[in-house]
Every structure is written in structure tokens, then in C-alpha cells.
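Just so we're aligned, residue 1 is where the sequence shown starts under the UniProt record's numbering, counting upward by one.
Backbone N, C-alpha and C define an ideal beta-carbon position, used for all residues, glycine too.
First the structure, in the form of C-alpha cells, and then the observations on it.
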Amino acid sequence: MAATTTNSLHRHHSLPRLLPHPTNTSTAHPTFLKPPHLTHTATVTSLISHPVPKTKSFRAVFSSSSASTAAVSAEASSTSLDLLATHLAAQDFRQADEETRRLLIALAGEAAVKRGYVYFSEVQFINSSDLKAIDDLWLKHSNNKFGYSVQKGVWEKSTRDFTTFFIRVGWMKKLDTEVTQYIYRAFPNEFTWELTPETPVGHLPLTNALRGTQLLNCVLNHPAFDDVEGKADEDDVKKALLAGTSKPLSKRVVKSDYTF
Numbered sequence: 001m002a003a004t005t006t007n008s009l010h011r012h013h014s015l016p017r018l019l020p021h022p023t024n025t026s027t028a029h030p031t032f033l034k035p036p037h038l039t040h041t042a043t044v045t046s047l048i049s050h051p052v053p054k055t056k057s058f059r060a061v062f063s064s065s066s067a068s069t070a071a072v073s074a075e076a077s078s079t080s081l082d083l084l085a086t087h088l089a090a091q092d093f094r095q096a097d098e099e100t101r102r103l104l105i106a107l108a109g110e111a112a113v114k115r116g117y118v119y120f121s122e123v124q125f126i127n128s129s130d131l132k133a134i135d136d137l138w139l140k141h142s143n144n145k146f147g148y149s150v151q152k153g154v155w156e157k158s159t160r161d162f163t164t165f166f167i168r169v170g171w172m173k174k175l176d177t178e179v180t181q182y183i184y185r186a187f188p189n190e191f192t193w194e195l196t197p198e199t200p201v202g203h204l205p206l207t208n209a210l211r212g213t214q215l216l217n218c219v220l221n222h223p224a225f226d227d228v229e230g231k232a233d234e235d236d237v238k239k240a241l242l243a244g245t246s247k248p249l250s251k252r253v254v255k256s257d258y259t260f
């Protein structure tokens, strides 16, 4: 479900990779390898028969250096926040959500990029500064209504109960039935992509929970958001969401998973 990246919350959310230094592909100068028993004549013959390919060696090193530079440039481009900032500044939250998902994949590492989505165990590899930079852009362009830090606060206020959290941020909706029941919204049409007074706090960005809540749990528990607090108000949640039934909230969810 789910960046200055689900049909996944995503299809679904990189430590900087150390690039190998270019290696000199030229063969070592025979003089430096001359065994003690070889004569001067043998050495000269070796040099004549196997001249040092100076031009070839230079080209090989230059080619390797160019490839390394291109790799660094490509990686920097893939994790640039410029596109996310552009989408958010234009209030295009649908595209900003997609870009956030893509950024999380890129930042999580090469394996996540090849796979096309992030494992919960890879969230730890995302630098706090990168995750906070993404969050800051969402905060800036939503009047502090959207962002991971906002979601962390809502989650804390929901006593870290994900079902309650999903309802409060508007990822689930109440069914029009006699018995109070909730169902996950259909992606993308049933989500809100505009910033209005009615848009639930923490509604965006989405995080893919198709495979469970472990990914979202790791994002909200990331060190980047350690300073976020939210006073639990379980009584208010129960009054607002559980009125008229004694059945536990978690038992009143119609679907066991969702596809955004």
C-alpha cells in the first residue's frame, strides 16, 4: 500500500552500495617478475616477445572508470527526491504515492529493486536521513496531514492496533449492515487523493500490507521516527468505532488482506 513508492501497499516501499575500484587490466612488467636465475638476455627477449600493452591498459582502466561513474550517477538519479517534490508541490498525491513506493524500493537495496518490492527485513537498510527527507516533503505539502511520522502518531494513539489504525487513517470503510463491519478499500478508486478537510489524517502515503503488517510495522518503528509520540486514547477509539457491539474490532473485518 502503500517517494524529495501497492497494486500493493503496495507492490509494492538502499544502503549506498560500494562500487568496486577499477582494476588495471595490463599485465605486470616482466622486469618486476624476473626470477633470480634468468639472464639479462632472457629478460630482453621476454620484453620483445611480450611488450607491455600500454594503450590497451589505459583504455581498459578508462572504460572501467567510466562505467563506475555511470553507475554512481544512475544510483543518485534513482534516489533523487526531485520528482516526489514536484508531484507533491502540484498536489498530485496519486503520483506522489507511486513515487514514494519506488523510492523505498530503490533505497532498500539492489535485491529489492530486482524483486520489485521491499521485504520488511530490508527497511533497516534505509538511511534515517533519506526516510525523514521523504516524510518532510509529505508534511510540507499537506499541512502536516500526510506522512509516515503522522501515521506513526495515529498508530500510537491507536495503541499500535493495526485494525484500528487502518480505520482511523481511512484505509478501511464501514459496511452498511446491521452488524458493524469493516472492509478494506479498493485501490485506487476508493482512496482519497485530494487534500480536503474530510481527508483522514495520515491517509497517505499508502504502504503495502498484502503480505501482512510487518512491512508497515518496520516503517513506523524505523529510527527515523523515534521522536514521534502519540498519546493512546483507546477509550475514544472504542467509543467512536466499537459502539453498539461487544464483538472485538479485529473480528469485524470482512477481508483478511487488501490489495493496495
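Its chain contains L195 as the residues whose beta carbon lies nearer than 8 Å to that of N143, once the 5 sequence neighbours on both sides are disregarded; these appear in chain order. When DSSP states are grouped into helix, strand and coil, I134 belongs to the helix group. At least 8 Å separates the beta-carbon of W155 from that of F146. For D130, the closest C-alpha among the options E229, R160, E190, V219 is that of V219. When C-alpha distances from T79 are compared across H87, L104, D97, the shortest belongs to L104. A distance below 8 Å between beta-carbons, with the five flanking residues on each side excluded, links E229 to the following residues of its chain, in chain order: G153, E156.
For the alpha helix (DSSP H) assignment, the uninterrupted runs of no fewer than 4 residues enclosed by the segment 204-228 are, from N- to C-terminal side, 214-220. E178 sits exposed, since fewer than 16 C-beta atoms from the chains shown fall within 10 Å of its C-beta. Exposure of L175 is indicated by the presence of fewer than 16 other C-beta atoms within 10 angstroms of its C-beta. In this structure the segment 179-187 does not lie against the segment 93-108, because fewer than three pairs of beta carbons, one per stretch, are closer than 8 Å. C-alpha of A112 to C-alpha of R102: approximately 10 Å in a straight line. Close CB contacts of F225 within its chain, under the 7 Å cut and outside five residues either way in sequence, are with Y148, S149, K152 (chain order). The three-state secondary structure of H87, taken from DSSP, is helix.
The alpha-carbon of A76 is positioned some 35 Å away from that of R160.
V123 places its beta carbon 8 Å or farther from that of A106. With 16 or more other Cβ atoms inside 10 Å of its own Cβ, E98 counts as buried. Within the model, the alpha-carbon separation for A89 versus V201 is close to 19 Å. For a cut-off of 8 Å, the C-beta gap from P223 to S128 is around 5 Å, short enough to register as a contact.
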